[in-house]
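Shown next, in structure tokens, is the structure this report addresses.
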Amino acid sequence: MNFAFAPEEEAFLEDFRGFLAKEKCRPDADIIFAPWRETDSWLVDSPERRAFMKRLAEAGYIGMSWDKEFGGREMPGVYDYLLNEQLSSDGAPIIGKGVGCIGKTLIAHGNEALKRRFLPQILAADIEFALGYSEPSAGSDLASLRLRAERDGDEWVLNGQKMWTTSAHFADWYWVAARTDTEVPKHKGISVFIVPMDHPGLTVREIKTMGDHRTNEVFFDNVRVPAEFLVGEENAGWRYVCEALDYERFSLYTVGPLLLKFEALVELAKLVHSNGIPLSKDPVVRDQIAGFAIEVEMATMLQRRVIAKASKGEVPTVEAAMYKFYSTALGRRIANFGMDCLGPLGLLSHEAPGAPFEGRWELSDRATVVDTIGGGSSEVQKNIVARRGLGLVTDA
Ligand SMILES: Cc1cc2nc3c(=O)[nH]c(=O)nc-3n(C[C@H](O)[C@H](O)[C@H](O)COP(=O)(O)OP(=O)(O)OC[C@H]3O[C@@H](n4cnc5c(N)ncnc54)[C@H](O)[C@@H]3O)c2cc1C
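For the sequence shown, position 110 (counting from the first letter as 1) is numbered 944 according to my numbering, and the numbering increases by one without interruption.
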């Protein structure tokens, strides 16, 4: 049994850290590297962020695990994870939906026209995608989605509403799950489409979450797309959505920010005093923080199990659910404890003058709640463990 990375993987990391060290010397580094990631990273667009992604692409770091035939380097998937972990540990934007969920699904299931059109643009970091799954009455029960897609000659016409679409306000393309057959069981009548985000039939409206993230609701009014913008087979979309969500659960929820948050908590305990004594000397605080140290290690190991399985080419559904559940719940408890350590002042938001640590712990406390919902709520992750991992089905 060996928990360490192989020497060639360590060498890759060393090399990549060198790349990032140069990036950190740039004048716009403060915008790219935001250590308190819940307010930044993949959710926020900026010309600086896009330029950074392009530099990553030019250096060959995007799509490393893709086949050479599609412009990749055929490196084992573990390198993508190492890359994302290092990026998130530095508070930098991570490689997200395009190269992971969408690119991999297109390679596996997309028609030739879609592959030719989108794969090179994804590899070059020229385009951004938004993921359109959730709807007002279809979140956890995603298969109940109702946004309708009907065939009309050489086109598909989409009508309905999506909810919680992060990045819809700046993405170039929309990856949309829609109902194409209403007569079959709900999982069997879903298809996936790619839609240009600037289509005049789309209306995007902002929703601000309690974690200060922006997300959106999106309305479709006779949105017409060419027939070849259907991904894979008609009515086979549920499978593609599930595969992409498995990928999302471990690629977008990296463990790096959790480690950063924990390290910040240890520092906080040394810096903050209560009755003239540093919190780090308080037995209750020490007990709590030591407990978190053990749990952070557990989260890291749960994530290694995801990587180990994915590296063997298997889909780590149960492992990813366990990791997502555990790491996001832990992030929430660490943030909450950090805020408690600051006493009543810890409740001041980052806009309030005099807020300790510029209100970051209070913001973190709110933002980490959101992590336990996006990409499938904690209850849904436990349902996956019960059903897929333990065979505890409810509808046998
Ligand atoms: C910040 C943010 C960004 C997001 N970004 C995107 C995005 O880009 N694209 C996208 O498509 N979606 C996105 N989502 C949507 C996200 O995936 C859904 O919010 C999530 O799946 C939960 O769905 P819901 O909000 O409809 O809640 P519901 O499904 O209505 O659930 C409400 C509550 O009931 C619980 N519950 C529901 N069903 C069960 C069950 N069977 N057993 C036990 N408990 C249950 C849930 O756990 C939850 O606590 C985002 C959400 C957030 C908060």
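Ideal Cβ positions, reconstructed from N, Cα and C, are used throughout, including at glycine.
In chain order, what residues of the same chain lie with their CB nearer than 6 Å to the CB of residue i, ignoring the 5 residues before and after it?
i	result
Gly1188	none
Leu957	Ile896, Gly897 and Gly905
Lys902	Glu908
Ser875	Any reading at Ser875 must be qualified, since the residue scores a pLDDT of 46, below 50, and its modelled position is unreliable; no value is offered.
Ala947	Glu1062
Val1164	In the sequence as presented, Val is not what sits at residue 1164; that position holds Leu. Answer for Leu1164: Glu1129 and Ala1133, listed in chain order.
Gly1045	Arg1200, Ala1201 and Val1204
Arg1139	Glu1153
Gln815	The requested residue 815 is not part of the displayed model; the chain covers only 835 to 1230.
Gly925	Phe867, Ala868, Pro869 and Arg871
At a cut-off of 8 Å, would you count residue i as near ligand 1, judging by its Cβ distance to the nearest heavy atom?
i	result
Asn1056	no
Thr1049	yes
Leu981	no
Ile1207	yes
Lys996	yes
Tyr1160	no
Tyr1074	no
Asp1174	no
Thr1308	Any answer about residue 1308 is impossible in this case: the structure gives the chain only from 835 up to 1230.
Val1204	yes
Val1214	yes
Asp879	no
Leu1226	no
Ser968	yes
Gly1210	yes
Leu976	yes
Thr939	no
Thr1151	no
Pro1043	Reading off the sequence, residue 1043 comes out as Thr, not Pro. The answer is yes for Thr1043.
Gly906	no
Leu1197	no
Ala1169	no
Ala972	yes
Ala964	yes
Asn1217	yes
Near residue i, what residues of its chain come up, given a Cβ to Cβ distance below 7 Å and the 5 sequence neighbours on each side ignored?
i	result
Asp1218	A quick correction: the sequence has Ile, not Asp, at residue 1218. Counting only Cβ-Cβ distances below 7 Å, and skipping sequence neighbours, we find Thr1151, Val1152 and Ala1155.
Val1227	Arg1221
Pro841	none
Ser1145	Pro910, Gly911 and Val912
Ile1141	Val912 and Tyr915
Met835	none
Glu882	Asp862, Ile865 and Ile866
Phe1159	Ser1212, Gln1215 and Lys1216
Phe1004	Asp879 and Glu962
His1033	Val1057
Which same chain residues, not among the five before or five after residue i, have their C-beta less than 8 Å away from its C-beta?
i	result
Gln995	Glu969, Pro970, Leu981, Glu1051, Val1052, Phe1053 and Phe1054
Ser974	Gly1210, Ser1211, Glu1213 and Val1214
Gly1180	Gly1172, Met1173, Asp1174, Pro1190, Trp1195 and Glu1196
Ala893	Phe853
Thr1043	Thr1049 and Val1204
Glu1017	Gly1023
Leu976	Tyr967, Ser968, Ala1011 and Val1075
Asp849	none
Pro1112	Ala1103, Lys1104, Leu1105 and Val1106
Asn1069	Thr1014, Asp1015, Val1018, Lys1022, Gly1023, Ile1024 and Ser1025
Ala1124	none
Cβ of residue i less than 9 Å from any chain D Cβ?
i	result
Asp862	Among the protein chains of the structure shown there is no chain D, as only one such chain exists.
Open item on the list: I'd like to know if the segment 1020 to 1034 and the segment 1056 to 1063 are in contact, where contact means that at least 3 CB-CB pairs between them fall below 8 Å.
Closed with: Short answer: they touch.
Task: Cβ contact check for the segment 1190 to 1207 and the segment 1161 to 1172: 3 or more pairs under 8 Å - done: When C-beta atoms of the segment 1190 to 1207 are compared with those of the segment 1161 to 1172, three or more pairs fall below 8 Å, so the two segments count as touching.
Task: Sufficient close CB pairs (3 or more, under 8 Å) joining the segment 1097 to 1116 to the segment 983 to 997 - done: Fewer than three Cβ pairs drawn from the segment 1097 to 1116 and the segment 983 to 997 lie within less than 8 Å of each other, which leaves the two stretches out of contact.
Open item on the list: Tell me whether the segment 881 to 898 and the segment 1107 to 1119 touch, counting them as touching only if at least three CB pairs, one residue from each stretch, are closer than 8 Å.
Closed with: In this structure the segment 881 to 898 does not touch the segment 1107 to 1119; the number of beta carbon pairs closer than 8 Å is below three.
Open item on the list: Under 8 Å, with one C-beta from each stretch per pair, do the segment 905 to 912 and the segment 960 to 974 reach the 3-pair mark?
Closed with: With the cut-off at 8 Å, the segment 905 to 912 and the segment 960 to 974 do not touch.
Task: Cβ contact check for the segment 1008 to 1021 and the segment 1067 to 1075: 3 or more pairs under 8 Å - done: Output reads yes: the segment 1067 to 1075 touches the segment 1008 to 1021.
TODO: Spell out a yes or no on whether the segment 1201 to 1214 and the segment 1038 to 1049 are touching, meaning 3 or more CB-CB pairs, one atom from each, closer than 8 Å.
DONE: Cβ pair count under 8 Å is three or more, so yes.
Task: Contiguous alpha helix (DSSP H) assignments of at least 4 residues, all confined to the segment 991 to 1038 - done: Runs of the alpha helix (DSSP H) inside the segment 991 to 1038: none found.
Task: Those runs of the alpha helix (DSSP H) which lie wholly inside the segment 843 to 922 and span at least 4 residues - done: Entirely contained in the segment 843 to 922, the alpha helix (DSSP H) runs reaching 4 residues are, in chain order, 863 to 866 and 881 to 892.
TODO: Decide yes or no for the touch test of the segment 995 to 1006 against the segment 1032 to 1043: beta carbon pairs closer than 8 Å, at least 3 of them.
DONE: Between the segment 995 to 1006 and the segment 1032 to 1043, the count of C-beta pairs closer than 8 Å reaches three or more; the two stretches touch.
Open item on the list: In chain order, what are the residue ranges of uninterrupted alpha helix (DSSP H) at least 4 long that sit wholly in the segment 1069 to 1124?
Closed with: List check, alpha helix (DSSP H) in window: 1071 to 1085 and 1090 to 1105.
- [ ] With a floor of 3 residues, list each beta strand (DSSP E) that falls wholly inside the segment 957 to 990, ordered by position along the chain.
- [x] DSSP runs (the beta strand (DSSP E)) wholly in the segment 957 to 990: 963 to 966 and 982 to 986.
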